[in-house]
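> Okay, handing you the structure first.
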Amino acid sequence: MPFGKYKGLKLLRLPEPYLVWFHRQGFPPGKLGEQLALMYEIKLNGLEAQFQGFLIDR
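Numbering of the sequence shown is given in the numbering used here, commencing with residue 68 and proceeding in unit increments.
Next up, the structure:
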């Protein structure tokens with residue numbers, strides 16, 4: 068996440084309530100908004116486990 072309380076956190080690690088808030092308020096424009104909307108759908112549908120291999124902390 069490039070800004071705010073969760074700056075530096077990978078988008079897939081954002082808490083679901085934060086993504087729900089964005090869904091209600093409106094996602095930001097552009098690529099970041101598209102990515103946040105995708106993360107919202109992934110979490111809403113319980114698909115996080117499908118992406119755990121991408122979360123290797125370096």
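The beta carbon of each residue, even a glycine, is placed where N, CA and C say it ideally should be. The structure presented is a predicted model; accordingly, all values stated were derived computationally and were not measured.
If you follow the alpha helix (DSSP H) that Lys110 is part of, which residue opens it and which one closes it?
Run containing Lys110: 97-111, per the alpha helix (DSSP H) assignment.
> Hey, how far is the Cα of Arg91 from the Cα of Ala104?
When rounded, the distance between both Cα atoms is 11 angstroms.
> Report yes if the CB atom of Leu147 is closer than 8 angstroms to the CB atom of Tyr107, and no otherwise.
Here the chain has residues from 68 to 125 only, and residue 147 is not among them.
> By how many angstroms is the C-alpha of Gly71 removed from the C-alpha of Leu79?
So the two alpha carbons sit approximately 16 angstroms from each other.
> Measuring straight from C-alpha to C-alpha, what distance separates Glu39 and Tyr73?
Any property of residue 39 remains undetermined from this structure, which presents the chain solely from 68 to 125.
> Apart from the five residues just before and just after Phe118, which ones in its own chain have a Cβ nearer than 8 angstroms to its Cβ?
So the list reads Leu79, Ile109, once near-sequence residues are dropped.
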